[in-house]
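Heads up: the sequence shown begins at 85 in our numbering, then just goes up one per residue. Data block below; observations after.
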Amino acid sequence: MDEFLKLVRMRFVKMDKNNVHDREILNLAVKKNLTKQMDCVELCKIVKETAKFNPSVALSLTAHHLALQCLKNHAKRDCFFAFAMTEKVGSDVKSIETLAEDRNGSYVVRGIKNFVTNAEFAEVFVVTAKRGDKVEVFAIERDGVKTERININCFRGCGISRVYIDAKIPKENLLGGLRLAISALIKSRVVLASLSLGIAERCFEIALSRAKRRGLIENRGIRWRFAEMKAEIEILREFISRTARDTNAVNSAICKLKASELAKKLADFAVEIFGARGLIAHTPTEILYRYSKSLDIAEGTCEIMKEIIASTF
Ligand SMILES: Cc1cc2nc3c(=O)[nH]c(=O)nc-3n(C[C@H](O)[C@H](O)[C@H](O)COP(=O)(O)OP(=O)(O)OC[C@H]3O[C@@H](n4cnc5c(N)ncnc54)[C@H](O)[C@@H]3O)c2cc1C
C-alpha cells in the first residue's frame, strides 16, 4: 500500500493540471489487488488514505467498486469498471432514456450517460437502461461505447466522461433490476463518505500545521475552531466505521450527507487559515477546496440524501 500511496501522491498535481488519467497508477492498483472485491470496512480505509493525497484516484476506486458490486461473473477480470447511470436528470433514476430492446436472443442497448467516472479507461460499463417500463442493469464491454472527456474542474484525471452507448450484448449481460443498482449505491455512499472524510482530515492537518507555523494557534478563537472541527471529524469517523460494518440506506445517506458537508467546511477553513496563498492554483488547499464541492453532488445530492433520511418519518 505504501508504494501505491507514494505514487498517487507524486502524480496528483499533474493529473489535476492536465485532466488525464495515469496508466501506471491504474496498473499498480490492479497489481496490488485494490480492484478486487473487498469488504466495506477495508475499502473505506483504502479510499480515505488515498483521498488525502489523490482524491481523483480515490474516486476511481470508489466508482470501480460500485460497478463491481453489480457485475457478478463479469467481475473476475483484472481491470477497471465504470458505473453509468446519470443522464439529463441524475436525481431521478427512473427518468432515463437509455433503452434496451430484445433482439434475436440478445439485447441492443442505446443511450447517452453523463459524468461517468473511469469512463476513459474502464473495460466494462455497468449501465442502467429501460426495457419496457422497467429499469434494469446491464454489463457492456468497452467496444460497445464511445466516450468524450468532460472538462470538469474537480476530480480531474479519473476519466469523467460522457458515454455514448450503442451495443449488442448477450442475454447473460442483464445483471438485474434497479434494486441491484440501488443496493450497490447504498454501500458505495459509505465509501464516498470516507473519501470526503479523507479530504476533511487532510484539510485539518495542513491548516493546523500552517496555524502552528504562523502562531495563529495561540489565538483562542482559532484554537477553539480547530477543536470544534476535530470533534466533528472524530464523530463522523466513528459513524462511518459503524455504518461500514453494518450498512443500511438511511445511515449511508447520513454518512454521505454529513461527510460531504464536513469536507466543504474543512476545505473552506483551510483556505481561510492560509489566506490568499490558500487559493494559489494547484496547491493542496486550492485543489481540495475545488474538489470538495462536488462531493455533495456525486452518487446523489444532499437533497436526495435528506429525502432518503426523511422517508423513515
Ligand atoms: C465528481 C462526479 C462524479 C460522478 N460520477 C458519476 C458516475 O460515475 N456515474 C454516474 O452515473 N454519475 C456520476 N456523477 C453524476 C451524479 O451522480 C449526478 O450529478 C447526481 O446524481 C445529480 O444529478 P444532476 O447533476 O443531473 O443534478 P439534478 O438531478 O438535475 O439536480 C439539480 C438540483 O435539483 C435538486 N433536486 C433534484 N431532484 C430533487 C428532489 N426530488 N427533491 C429535492 N431536490 C431535488 C438536486 O438536489 C440538485 O440540487 C458524478 C458527478 C460528479 C460531480
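Ideal Cβ placement from N, Cα and C applies to all residues, glycine included.
One question on the structure: do residue 336 and residue 271 come within less than 8 angstroms of each other, judged by their Cβ atoms?
yes
For residue 173, is the beta carbon positioned less than 7 angstroms from some heavy atom of ligand 1?
yes
Following the continuous beta strand (DSSP E) through residue 190, name the residue where it begins and the one where it ends.
190-200
What residues in its chain sit with their C-beta under 7 angstroms from that of residue 313, if we drop five residues either side in the sequence?
288, 350 and 353
Three-state secondary structure (DSSP) at residue 260?
strand
Among the residues of its own chain, which have a CB less than 6 angstroms from the CB of residue 107, if the five just before and after it don't count?
none
I'd like the ranges of any alpha helix (DSSP H) spanning at least 4 consecutive residues and lying wholly in the stretch 324-394.
333-358, 368-378 and 386-394
Check whether residue 277 and residue 236 have beta carbons under 8 angstroms apart:
no
Buried versus exposed call for residue 293 [16 or more other C-beta atoms within 10 Å across all chains shown]:
exposed
Give a single yes or no on whether residue 388 has its beta carbon closer than 7 angstroms to a heavy atom of ligand 1.
yes
For residue 205, list the residues DSSP reports as bridge partners.
In DSSP, residue 205 forms no bridge with anything.
Note down the Cα distance separating residue 380 from residue 85, rounded to an integer number of angstroms.
28 angstroms
Which value, in whole angstroms, describes the spacing of the CA atoms of residue 238 and residue 305?
32 angstroms
Have a look at residue 219 and residue 269 and give me their C-alpha separation to the nearest angstrom.
15 angstroms
So the beta strand (DSSP E) residue 183 belongs to, where does it begin and stop?
183-187
To the nearest angstrom, how far is the alpha carbon of residue 357 from that of residue 223?
47 angstroms
Which first and last residues belong to the alpha helix (DSSP H) in which residue 231 is found?
Premise fails: residue 231 lies in the beta strand (DSSP E), 229-233, not in any alpha helix (DSSP H).
Close beta carbons around residue 331, own chain, < 7 angstroms, minus the five adjacent residues each side:
124, 270, 271 and 274
Segment contact flag, the stretch 86-103 with the stretch 132-151, C-beta cutoff 8 angstroms, min 3 pairs:
yes
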